[in-house]
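Enquirer: Once you know that position 149 of the sequence shown is 1643 in this note's numbering, the rest is easy, because the numbers rise by one and skip nothing. Ideal Cβ positions, reconstructed from N, Cα and C, are used throughout, including at glycine. Please read all numbers here as calculations on a predicted model, not as lab measurements.
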Amino acid sequence: MFKTKKRVDASDAIYFVFIYLFIIVTCIVMLYPFIYILSVSISDTDSVMRNEVLLWPKGINLSAYETVLNYKGMIVAYGNTIYYTVVGTFLSLLLTTLAAYPLSRKNWKLRNFAAIFLAIPLWFGGGMIPFYMVMRDLHLLNSRMGILLYAAISTFYIIIVRTYFESLPKEIEESAKIDGASDIRIFLQMALPLSKPVLAAIGLYYAVGKWNSFFWELILLSKEQFMPVQVLLVRIIRDSSFDKEMEKALVQSSGVLPITIQYAAIVITALPIIMAYPFLQKYFVKGVMIGAVKS
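1) Helix, strand or coil for GLY1697, going by three-state DSSP, please let me know.
2) I think MET1568 touches LEU1751, with their Cβ atoms under 8 angstroms apart; what is that distance to the nearest whole Å?
3) Taking the alpha-carbon positions, what's the LEU1589 to ILE1647 distance?
4) With a floor of 4 residues, list each alpha helix (DSSP H) that falls wholly inside the segment 1499 to 1557, ordered by position along the chain.
5) Could you check what DSSP says for PHE1708 in three-state terms: helix, strand or coil?
6) Distance check for SER1541 and SER1533, CA to CA, integer angstroms please.
7) Could you name the residues of the same chain whose beta carbon sits closer than 7 angstroms to that of LEU1556, not counting the 5 residues immediately before and after it, in chain order?
8) Which residue's Cα is closest to the Cα of ILE1755: PRO1615, ASP1503, GLY1697 and TYR1559?
9) Buried or exposed, going by whether 16 or more other CB atoms sit within 10 Å of the CB of SER1707?
10) Give the DSSP-derived three-state secondary structure of SER1637 in the structure shown.
11) For ALA1608, which three-state DSSP category applies?
12) Exposed or buried, which one is ILE1672 when buried takes at least 16 other CB atoms within 10 Å?
13) Which residue marks the beginning of the alpha helix (DSSP H) containing GLU1667, and which one marks its end?
14) Measuring only the C-alpha atoms, how far is GLY1703 from GLU1546?
15) Report all residues from its chain with a CB closer than 7 angstroms to the CB of LYS1552; omit the five preceding and five following residues, and keep chain order.
16) Under a three-way DSSP split, which group does PRO1722 fall into?
17) Under the three-state reduction of DSSP, which class applies to ALA1685: helix, strand or coil?
18) As a quick exercise: from VAL1570, VAL1519, THR1591 and ASP1677, pick the residue whose alpha carbon is nearest that of ILE1696.
19) In three-state terms, what does DSSP make of ASN1564?
20) Between the C-alpha atoms of TYR1771 and VAL1728, what's the straight-line distance to the nearest angstrom?
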């Protein structure tokens, strides 16, 4: 068997070189900050103070991680974040699919009205203060239910999931109806199992958003037992922003720098969600492509 070599002209070669260089530079720009933060957080205090850490860690000192993990309320905050992420993502996916599937059915009479009604928040928002007053009047301040509900559904993700449902073969639905299947059974036993790629991708988007969310949690929560770890991270960064004298006292007493405490807190809060990417990567790529090529 003879293999035919595909000839690449000069313009194609320049194009591929430019693309690869762009990807390499982009990877370096995106990875370097996290590698630097990780290296500083585990490096020896003297090396950090002399600015000797540029890429890889110098010396190993895990005191910053010990300080962060022993911070008051850290374990409770971590548990709250896991609860908000897991339960909130499940709730968001449930509401998103329940909203998207009827919108994908062209025989639904209220389809156009519901689509316009759901699209209005994309252009018009109620504002921060009215939203806070609504949450207060619904008695959702200082409650886990309030955190789960305030961002439970996204119109943009509804549109993506609706587009995927519309792309499913119509013959499957027609065959199921001939066999006597109801709309609910078609949705649960056919549409949802065939939609794993887009649901995995949207679920990852929801999970990352809920894991990193802190702004509305700062506003809606004042009791520590409900606060997520991101709010605690803000407190750690604020409390560790000492002046030079207090920084020197902290180094002498515990052997850690404020900046290593901040970087250790960033690594601790970001690591779990980074570890989730490899398990959802194959579904994530398919889901992103679906959302990219469909209208």
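Expert: According to the data block:
1) Mapped onto the sequence shown, residue 1697 falls at position 203. It is helical.
2) Residue numbering aside, residue 1568 sits at position 74 when the sequence shown is read from its first letter. Residue numbering aside, residue 1751 sits at position 257 when the sequence shown is read from its first letter. That belief does not hold up - the Cβ atoms of MET1568 and LEU1751 are roughly 19 angstroms apart, past 8 angstroms.
3) Here the question's residue 1589 lines up with position 95 in the sequence shown. Here the question's residue 1647 lines up with position 153 in the sequence shown. Answer to the nearest angstrom: the Cα atoms are 7 angstroms apart.
4) 1504 to 1536 and 1539 to 1543
5) For this step, residue 1708 is matched to residue 214 along the sequence shown. PHE1708 falls in the coil class under three-state DSSP.
6) Walking along the sequence shown from the start, residue 1533 turns up at place 39. Walking along the sequence shown from the start, residue 1541 turns up at place 47. When rounded, the distance between both Cα atoms is 11 angstroms.
7) The count along the sequence shown starts at 1 and reaches residue 1556 at position 62. Result list for LEU1556: ILE1536, in chain order.
8) As a working mapping, residue 1755 is identified with position 261 in the sequence shown. Closest by alpha carbon: TYR1559.
9) One-based indexing of the sequence shown puts residue 1707 at position 213. Label assigned to SER1707: buried.
10) Here residue 1637 refers to the residue found at position 143 when the sequence shown is read from its first residue. DSSP places SER1637 in coil when its eight states are reduced to three.
11) Translated into the one-based positions of the sequence shown, residue 1608 becomes position 114. In this structure, ALA1608 counts as helix in the three-state DSSP scheme.
12) Translated into positions along the sequence shown, residue 1672 becomes position 178. By the neighbour-count rule (16 or more Cβ atoms within 10 Å), ILE1672 is not buried but exposed.
13) In the sequence shown, the residue the question calls residue 1667 occupies position 173. That run of the alpha helix (DSSP H) goes 1664 to 1672.
14) Here residue 1703 is taken as the residue at index 209 of the sequence shown, counted from 1. Here residue 1546 is taken as the residue at index 52 of the sequence shown, counted from 1. When rounded, the distance between both Cα atoms is 35 angstroms.
15) For the purposes of this step, residue 1552 is identified with residue 58 of the sequence shown, where counting begins at 1. For LYS1552, where only same-chain residues beyond five positions count, the Cβ hits under 7 angstroms are SER1537, ASP1538, SER1541 and GLU1546.
16) Indexing the sequence shown from 1 puts residue 1722 at position 228. In the structure shown, PRO1722 sits in coil (DSSP, three-state: anything other than H, G, I, E or B).
17) On the sequence shown, position 191 is the one that residue 1685 refers to. Helix.
18) As a working mapping, residue 1696 is identified with position 202 in the sequence shown. Minimum Cα distance to ILE1696 is reached at THR1591.
19) Taking the first residue of the sequence shown as 1, we reach residue 1564 at position 70. Three-state result, ASN1564: coil.
20) What you label residue 1771 is simply residue 277 of the sequence shown in a count that begins at 1. What you label residue 1728 is simply residue 234 of the sequence shown in a count that begins at 1. Roughly 25 angstroms separates the two Cα atoms.
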